[in-house]
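To convert, take the position in the sequence shown, counting from 1, and add 116; that gives my numbering.
We put the beta carbon where it would ideally sit given N, CA and C, even for glycine.
Computed from a predicted model, the values in this text were never measured in an experiment.
Only one structure is covered here, and it is reproduced in the block below.
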Amino acid sequence: MHSRFDAFREQALGRQLEALIDTPQRYVEYAALSRAEVPAVAAIVHDVRQLFPEVEADASARQFCGAMVAEVMRRHHHEVLRPRGRVPGGYFTYGVVWTPTPQQLDWAQRLEALRGMPAQLAAALRAIPAVDWRRRPDGIDFAAVEHACHLRDLDRIYCQRVARVLAEEMPEIASVDGNEMSLELAYLEQDGSAALDDFVAGRRHLLAALAGAEPAQRGRLCLFGGERRMSLEDLVEDMLQHDRAHLLEVEELTAELRALSV
């Protein structure tokens, strides 16, 4: 899940929602809805309405619910079929429609997906008028320029992580808070187009480092966030899911901006 939800996840409401959303039985419901091409988040609408009435007026809580369902689906190797589908029952207007069956990628396929991200991001961001690149509608965490800057900087951090995993025994890898980075580095004041160009160049550097990893090295471990052991392969999967989360967020941002212009 995106780091922007870390603080919410530690709150009482976040823990209670996670307990509702992340269970084996819920995954069965999510998968069944996905086979019918219905957004998986529809599976929790009834229970959220009944048990958590306060969520109706809490945009952050609703976004957390969507992100939590997405985490479950990605953990089971489902891919995005459509980024936006109508959710029946209220509470969530739109939700992600996932592939009906898991789609597990091998190492080469993951690298290829990472290679395609800069073009996908550029197309998604350039569909937003330049005048709107610094706009952040209510309920949206990142403006377009912030997405470009964040992904540029995260790839630099990923490069450092990969180098440490390949060179050190069980290095401790710290997590980062994307929202704090955005504020500290004043992303809203930066040049979004230049950040996007830098992301393209940085991604090539990251892929070169990963392409040089031998099969035996892909199992090398690190300790992420002080508690979770991850292999290099796990880190690559984490990068891929991070990319996909941002593409979905840009899709949501674009929809909100269009709604404001009507």
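Relative to the alpha-carbon of S298, which residue among V154, R250, F340 and E343 has its alpha-carbon at the smallest distance? R250
Helix, strand or coil: how does DSSP classify S291 here? coil
Which runs of the alpha helix (DSSP H) at least 4 residues long sit entirely within the region 251-306? Give them in chain order. 260-283 and 294-300
C-beta atoms of E134 and M184 nearer than 7 angstroms: yes
Report the residue ranges of all beta strand (DSSP E) runs contained in full by the region 185-228; include only those spanning at least 3 residues, in chain order. 196-202 and 210-214
Identify whether F180 lies in helix, strand or coil by the three-state DSSP scheme. helix
For M286, count neighbouring Cβ atoms within 10 angstroms of its own Cβ and tell me buried if that reaches 16, exposed if not. exposed
Along the chain, where does the beta strand (DSSP E) that runs through R344 open and close? R344 to S347
Mind checking whether R268 and G318 have CB atoms under 7 angstroms apart? yes
Start and end of the alpha helix (DSSP H) containing F315? G308 to A327
Could you say which of T217, G130, R131 and A128 lies nearest to M189 if we only look at CA atoms? T217
Helix, strand or coil for F340, going by three-state DSSP, please let me know. strand
Going straight from the alpha carbon of L230 to that of P331, what length do you get? 18 angstroms
Find out if the Cβ-Cβ distance for the pair L339, E288 is shorter than 7 angstroms. yes
So is H321 buried or exposed if we call it buried at 16+ other beta carbons inside 10 Å? exposed
Tell me where the alpha helix (DSSP H) around V161 begins and ends. V161 to L167
Of the residues H193, E187, Y207 and R200, which one's Cα is nearest the Cα of A175? Y207
Can you look up P245 in the DSSP assignment and give me helix, strand or coil? coil
Measure the C-alpha to C-alpha separation of D329 and R202 and round it to an integer number of angstroms. Checking the sequence shown, residue 329 turns out to be Ala, not Asp. If I take the Cα positions, the gap works out to 42 angstroms.
Could you tell me whether the Cβ atoms of V278 and A325 are closer together than 7 angstroms? yes
Ordered along the chain, which non-local residues of its own chain (more than five positions away) have a Cβ less than 6 angstroms from that of Q166? none
Per-residue burial, L204 [other beta carbons within 10 Å of its own, 16 or more giving buried]: Before going on, a small fix: residue 204 reads as Pro here, not Leu. Exposed, by the Cβ-count rule.
Residue from S291, E300, E172 and Q333 with nearest C-alpha to M355: S291
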